[in-house]
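Protein chains in written order, with numbering that gives the first Met the number 0: chain A, 0 to 478; chain B, 0 to 213; chain C, 0 to 286; chain D, 0 to 711.
Please read the structure below before turning to the comments.
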Amino acid sequence: MSDQKHLTQEQTKDIDENIAWASINADVLRSMENPRRGYWVAMAVSVCLFGIMIYAEVYQYMYGMGAALLNTSHMWDLYISTFVFWIGMSHSGTLLSAILHLVHADWRKPIYRFAEAMTTFSLMTAGIFPVIHLGRVWNFYWVMPYMTDRGLWPNFRSPLIWDAFAITAYLTSSVLFLYIGMIPDLAICRDNAKGWRKTLYSWLSLGWRGDDRQWRNFRFTYLMIACFLIPLAVSVHSIVSMDFAMSIMPGWHVTTFPPYFVAGALYSGCAAIITLFILLRYFFKFEHYMTFPILDKVCKLTFVIAMVWTYLNLVEFASVWYGHDIPSKEVLIAKATGPYSPFFWGMMTFGSVLPFSLLFKWVRRNMYVLFFASIFLNVGMWLERWMIVTPTLSLGYHPQAFNVMWPGWTEWAMVGGSFGWFGMLFLIFVKVFPCVSMYEVKEMVFHRKRTIYDDVDEMMTLHSGVPGPKAQTQNSGGA
Amino acid sequence: MSIERNKRKPFPWVKTAVAAVVVGALIVLGAQVFERQLHPESAGIAPAARVPGAEFPTDTFKGKDVPQPINYSHKLHAGDLGINCLYCHTYARRSKVAGIPPTAKCMGCHTVVGTDKPEIEKLTQMWQSNQSPAWNKVNDVPDFVHFSHERHLQKFLFDNPEMDIKNAPDVCAMCHGDMNQVGVAKKMKPLTMGFCIRCHENNQGPSDCTRCHK
Amino acid sequence: MSSLLGNIFKGWSDYSKGNEEGGHHNYEHMYAMVIDLDKCTGCNACSTACYAENNLATVGEEYFGARQAMHWMRIERYFDEPNLEKAGSEADADTQSHGASFLPMMCQHCNAAPCEPVCPVAATYHTPDGLNAQIYNRCIGSRYCANNCPFRVRYFNFYDHQETAWPAPMEQQLNPDISVRSKGVMEKCTFCIQRTRAASNTAKNEGRAIRDGEIQTACQQTCPTSAILFGDLLDETSAVHQAWKRHQVQLGRYTQNKENPELRGYRIFEELNVDTKVLYLERVREV
Amino acid sequence: MSKTKINRRNFLKVLGLGGAGAALAGCDMPSYVTLEEGEEKIYSYLAPEEYVIPGVGVWYASTCLQCPAACGTHGRVREGRVLKLEGNPNTAVNAGKLCQMGQAALQAHFNPDRITEPLINGQPASWDDALALINEKATKNVAWMTGAISGHQRVLLDAHLAATGKGRHYAVETINARAWTDAGKAVLSDAMPTLHLDKAEAVLSLGADMLGTWISPVTFMGQYGQFRAAPRGVLMAVEPAMSLTGANADQWVAAKPGTEAAVALGVGHLLMTKHGLSLNSMPNATSAFQSMTPARVQDIAGVSEAALNKIADTLASRKPSLVVANASHAAARVAMALNIMLGNVGKTLTPGASIVADPLAPIMGSTKDLAEFAQNADAGKIDAVFITGANPAFIAPQGLNMAAALKAVGFKVALATCHDETTKVCDVVLPLSSALEDWGTHVPAYGGKPGVVHLQQPLMEPLHAETRGLGDILLTLGKSAGVDGLEAFEDYYGYLRTAVSAMIGSEQEGDWQRVLQAGQFEAPAQDHAFSTGSDVALGFSENADAGLHLVTVARQGLYDGRHANSSWLQEAPDQITKAVWDSWAEMHPKTAADFGLKDGDYVSLTTQGGAITTRIFTYKGVHPKAVCVPMGRGHTDYGRWASNGVNPLTIVDAHLGDWQSSEVLATATPVKISAVGENRHLVRLMDTDQQHGRKLVATISAQQFGRTQGGA
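What follows is the structure, given as structure tokens:
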């Protein structure tokens, strides 16, 4: 019905307001059905990666942390940096779904669902790492304050404890947010599903009928959780940053770390959103919903955050450079010139230089370029986390402990496996739940129409008796 | 249509809350049971410890029956004959470990007493063949726990004005239960960390970890 | 249960109080050390004595090369003398004309130890003896403490070394007063806590205070040049207390304003305000 | 202790394992898993021993046999297991201190590679067979090869030799003070004068590693502690490669290998010319001093005039001083002359004393004996040899061709605790009890009170039932060789107790117990007297070869290699390079640069004797003309821990008979060096040798120390 011009790179409107509600349901529900070969291949790859991770963990459990080639000065390495990386990924969803929801940026509506899913799954991925990096994994639950008659409690001064609290809280609330936001769509799925899906959706949709009272409660709850989630998200990554900022190690003991980490988190999150945006649009034929103008907006957002991150980065460097904390300065210089310098400069290139490509419209409108660009942005952000953890440990204060260390195979296996685990969860999600919010897209379309046509109609009927486009669309059978 | 809708029962917030609380309580309780390994059935012997000025945890433990090379009966020796614990476990007051009495000590009596009993014959035979019986350890704590009999006896028995050496059984009973009632030795107290901690709290024992864990 | 909760609250208030006052708040002892770097010959006797006393595992060349060794007491050797202004002739000498500098480095038992606040399960904490204790069976191996230690004197059991380090009958030599650490546990110098315990038990049984010199750490006892001194800082009469006083070094400061700045006593990384309890006496050379 | 032997042993074994096994469970699993209720076994005593309480450590006095110094030890015994060794505070030798080798005696005792049963041609055999074979084969021309030995073992040994005909006793120690003792005998007619490091204001060491391996390191380190207290003495060292003593020297001077004597002569020259000292009693010496001008020293030894002057000035200005030397016989003689010239004799160098009971007196080994053994063996003068406490197949310099020499000996018996290169080639191997399981008496060659005898008593029942003590074996051999007066004793304990009782003049149990507790007793001693320096020849033969020379040094730790089977000492970083578990060659950075080498490069060192390949470590503590390879590693057959590294002695050619340097450690062997092309990081405690601006080891000047009296 709507001409293909809307799907080309010249498209200007966020969404074609003439799109029929029925077709929205149809498109989204279709995306949840009969997976094609590509899907199974992707799933197989993810599962394999995850399997490797499990093997590595079992090996490490049997032989001890030495398998990861950690040593007396490098007690942490990729595990913690990847943990920070995934925590960072988790912030995008909150940004899109909660923050933009509060500021009524309605272009978020077609894309926030998978972003929110990404939040949840990357949190579930991140949560793995603090556990597997423990020397005695089997005692991980000791960090939780639970009642024992030994009268033992965790050390509430330790940032790791704060981590445990923050992450669990954040995970719970983001799951809630994702789920509650999905309820109306689950109802739609329920009405169109059969078999086990029917039962599943019937249970999950909590008897949603879409009457006004339900909508009122729904809106209110959704808003509340959104408000609750935003400070939580900020605090979570601030706390993660305190794992480092609270220590006395040169290069870690930095006051600007909390905002720096939050910015970095949003940054990597947005980059990841671009990646998934393009993949979903391409594979699920979501051209009508995940349109170029929206992509364009996401890109601009990414660029802004990238600049904030770069700024904070430079602030940190400057504060070290002009301060007289010699060990910190040594660490900074070592980052730029030492054995890890390639990765440092890689981080700077991908993290601070590459974003400028987003200034060009043709880049923002070219899926293929953008896809790889977004991948490299994320590589840059992963390197950033690594460059925070390792160079500091390779120098520190005591010369006897100066040494360079390269991660062992178990570490690489776990890092790769974490992507497998994430991909696995996400692939399951897109086939079981609608990864585009149907009801909100409908709202979007509806509002756009209102704002555009209603007044036009009035004018036209007022001055010339010609029926306006609204009438046309109604004839062409919308809702 | 709309009327029915409005008649629909509201969501049972209260019930949900109550359920949540109950579940939480169960979890906490479960954790406790798991931690202190409380065994529902007691050993059936009330620990009879009368130590003035000392309050000690009363929970009991049903230890398994540990087979011993010689069926030595504490009930007979300590209970009926009233031999003092420290007569045999003489190292208890001088060392971390209470120790098993040397065979010579047994033979001190059993060269004349009850030489016809089969168990005693076993003992005599071992003694003559110069080998010491391989006793199975009954009361054991993990190897990272360093418990000192010496210090505890000192505090509760010798430094306690109201106590006299003949009250040793009461002091021992604080952690070993009333051995006068059992035959072959059995573990009758949990001897878990919680068990120790409660006693230390009640009796102003040290709370510093390194007192026990080194 | 009530007593438990009461204890928790009391413990918490003590804890925060002590925290404000920088460490444990009511010390019974304050064990500290003095090491004379001019007497230290770097002969390794202390290090080996530590292996013997504290059940330290030897890890072999491969793991040592991977820097996974566990030597609570390590003798570092440096070839430069940054603080010594040399005579012109020696300044550009291409021989090691002043020999080498040796530094026995073990856990400094900081009073404001960076490792303590970061342990998620409080496996490392400050004892009433003023020691920085490590409770092996509470440790879950997050290794945060080691990351936060400026001296890098906390050692992690990256493997189980029991088969390789103590093949039979060597396990008979293991000191029963110390638990043998297994993989995944952090360990470090304890100032020979087992000897402290033994001494304090004897003292209690005899109803007296611990005498100065009654406790000797393994390294101190074997040091052929008697370069190591160990004792209780709170005991005015102890040799260690005297030495700290002589060298005008005080606890709880990150800069010492000595009346006589030429005195040899100094603490390593004092400027980090970790408040270490090992006093080093400067090495001396003829120039 | 021998009273309840069976019971104790039975008790020990099981409880030992039980206890330790339990300890091993460690803190791996939560408590409810490691609880061994009803699983762990407890063994009680049969008869109680008043001084043994389970869970309480008891301290027994004994003697350390890790090196010839014979320090007194206290061993902590708990549940019948020896857990820890400390120095015996009552002994004058070590005054309660121990070195790392002493600490590691535990591992020599608990070593997993102990020999547990007699071997005949490598096959397990019974004691009876072994002894029968020995009685059959070892009848005439019997020789004994031991390390340094003293006390009643020596008495029995000599008796056995006497009974088996005109055999000879070769005492073999690669690390020895032969040069010093010979010079002492020659110049002052006292082989072992007493040194007072603590009284000296300045000490000059010519290749004598007093703090590391020389004579009695713990004694000297004890004195060094006082030497460093205010008023602080100045330590100077002249040597080709930095020893532990050199590393602690205020002034360390690198001399070309084998030229320490020249430096010492140069110092004497300056003392005469510049400071007006004289040595009229020794014209030879005087002329030698006069001829060695600083300029000559410069081009012989490569020691700058400034450095030489500094040494001379220090010695002249600080009195009393002390000059010790072990680099070569020449150097040692010059050192004696210098001491006389500086007037140290009687102040820091006083006459020693020796025990009257001469048969007990210590024999300090030497490489000379090793050489003579080789010569005699080749000449077929030795039909049977008993080897104990020595590993000739490993410590013999290649120049001696020890393999052939041993082959030439018809019948070889090794009395050893562990398998090594020598036991491999021996016909009969008798399993020896470890030093901690055996009885014995030892007379410290140096540092003890005059006439003191250290008693060695078992700290533990033998780990392996089949092993026997050295004394017991000697007693058995003596009996079968028909030594009279031995039949009365059924074991060495009995013999020793009778002998000691005779020496302390009391048969009472109480006195015996007192001796056991003290770990020592004093026998009559006679003080030596110095002769006024006899005018010996002070020569110095120039070494024309201007090329690189190989220097083999010993470091405290692995010593001459006898401790290479201790994982503690293998993992204790070498004091100078901080390297572990492997060998290396020390080179001066300049020299390395000349050959285009860098740290960790594998080089092959080639002498006329052969070639070894090892990694290089460069630092400024070596003379540019020297390549220094510490000995101790490179075992081929010495247990699971000793296989790493190379043995420099396999390419060292000891210049035997040359009176200037007849000892391996002093030998400078011309060596060719060539890169192999491989580079691997040398495993060390630390990758950097710099402090990177941190205030780790702060160094102040002696003047400042003097101003504050070191804060004393």
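All C-beta atoms in this analysis are idealised placements derived from N, C-alpha and C, irrespective of residue type, glycine included.
Check: Which stretch, first to last residue, makes up the alpha helix (DSSP H) that contains D/D377?; Outcome: 366 to 377
Check: Counting only Cβ pairs nearer than 8 Å, list the residues of chain D close to A/I325.; Outcome: G692
Check: Compare the C-beta of C/K244 with all C-beta atoms of chain B and state if any pair is closer than 8 Å.; Outcome: no
Check: When you compare the CB of A/S157 with every CB in chain C, is at least one pair closer than 8 Å?; Outcome: yes
Check: Taking the straight line between their C-alpha atoms, what separation do you get for D/S215 and B/P141?; Outcome: 44 Å
Check: Determine the chain D residues that contact B/R93 at a beta-carbon separation under 8 Å, and present them in chain order.; Outcome: I52, V55
Check: Which residues bound the alpha helix (DSSP H) around A/G268?; Outcome: 256 to 283
Check: List the endpoints of the continuous alpha helix (DSSP H) containing D/T475.; Outcome: 469 to 479
Check: Where do the ends of the beta strand (DSSP E) carrying D/I699 lie?; Outcome: 698 to 700
Check: At the 8 Å Cβ level, is C/L83 part of the contact set with chain D, yes or no?; Outcome: yes
Check: Please list, in chain order, the chain A residues whose beta carbon lies closer than 7 Å to that of B/M192.; Outcome: R149
Check: Pick from D/L321, D/K165, D/N87, D/D157: whose alpha carbon is nearest that of D/A201?; Outcome: D/L321
Check: Pick helix, strand or coil for D/W511, following the three-state DSSP scheme.; Outcome: helix
Check: So which residues on chain B does D/Y491 lean against when the C-beta distance must stay under 7 Å?; Outcome: Here the premise fails: no neighbours, minimum Cβ distance about 24 Å.
Check: Please report how far the alpha carbon of C/C191 lies from the alpha carbon of C/N174, in whole angstroms.; Outcome: 12 Å
Check: Could you check the C-alpha separation between D/Q555 and C/I227 for me, to the nearest Å?; Outcome: 20 Å
Check: In chain A, what lies closer than 8 Å to B/R197 by C-beta?; Outcome: D148
Check: In chain D, which residues lie less than 7 Å from C/K38 when you measure between Cβ atoms?; Outcome: G224, R227
Check: Which stretch, first to last residue, makes up the alpha helix (DSSP H) that contains D/V442?; Outcome: No alpha helix (DSSP H) contains D/V442, which DSSP labels as neither H nor E.
Check: Consult DSSP for C/Y253 and reduce its assignment to one of helix, strand or coil.; Outcome: coil
Check: Suppose only complete runs of 4+ residues qualify. What are the alpha helix (DSSP H) ranges in the segment 32 to 99 of chain A, listed by chain order?; Outcome: 36 to 62, 77 to 93
Check: Indicate the three-state DSSP secondary structure (helix, strand or coil) for D/G86 in the structure shown.; Outcome: strand
Check: For D/C417, which residues does DSSP report across the bridge?; Outcome: D/R113
Check: At 9 Å on the CB atoms, spell out the chain E contacts of D/Q689, in chain order.; Outcome: The structure shown contains no chain E; the protein chains it does contain are A, B, C and D.
Check: Identify, in the order they occur along the chain, each residue of the same chain with its Cβ nearer than 7 Å to the Cβ of D/S30, setting aside the five sequence neighbours on each side.; Outcome: For D/S30, the pLDDT reaches just 38, beneath the cut-off of 50, and the residue's location in the model is therefore unreliable, although a value from the coordinates is still provided. Closer than 7 Å at the Cβ level, and outside the excluded window around D/S30, lies no residue.
Check: Considering Cα atoms alone, identify which of D/E371, D/D128, D/V51, D/A94 is closest to B/S94.; Outcome: D/V51
Check: So, with DSSP's three-state summary, where would you put C/T40?; Outcome: coil
Check: From C/E285 to D/A248, what distance separates their C-alpha atoms?; Outcome: 9 Å
Check: Assign D/L429 to buried or exposed, taking buried as 16 or more other Cβ atoms, counted over all protein chains shown, within 10 Å of its Cβ.; Outcome: buried
Check: Can the beta-carbon of C/Q107 be found closer than 8 Å to that of C/T189?; Outcome: no
Check: To test your reading of the DSSP string, which unbroken beta strand (DSSP E) runs of 3 or more residues are found completely within the segment 108 to 170 of chain C?; Outcome: 123 to 125, 131 to 133
Check: Taking buried to mean at least 16 other C-beta atoms within 10 Å of its own C-beta, is D/D27 buried or exposed?; Outcome: Because D/D27 carries a pLDDT of 38, less than 50, the predicted location of this residue cannot be relied on, and the following value inherits that uncertainty. By the neighbour-count rule (16 or more Cβ atoms within 10 Å), D/D27 is buried.
Check: Give the list of continuous alpha helix (DSSP H) stretches no shorter than 4 residues that lie fully inside the segment 195 to 239 of chain D.; Outcome: 216 to 226
Check: Just to make sure I have the definition right: I need the residues of chain D whose C-beta is within less than 7 Å of the C-beta of A/F401. Which are they?; Outcome: D686, T687
Check: Only counting the same chain, and skipping five residues up and downstream in sequence, which positions put a Cβ closer than 8 Å to that of A/Y438?; Outcome: P183, D184, I187
Check: Strictly under 8 Å for the Cβ-Cβ distance: is A/S246 near chain C by that measure?; Outcome: yes
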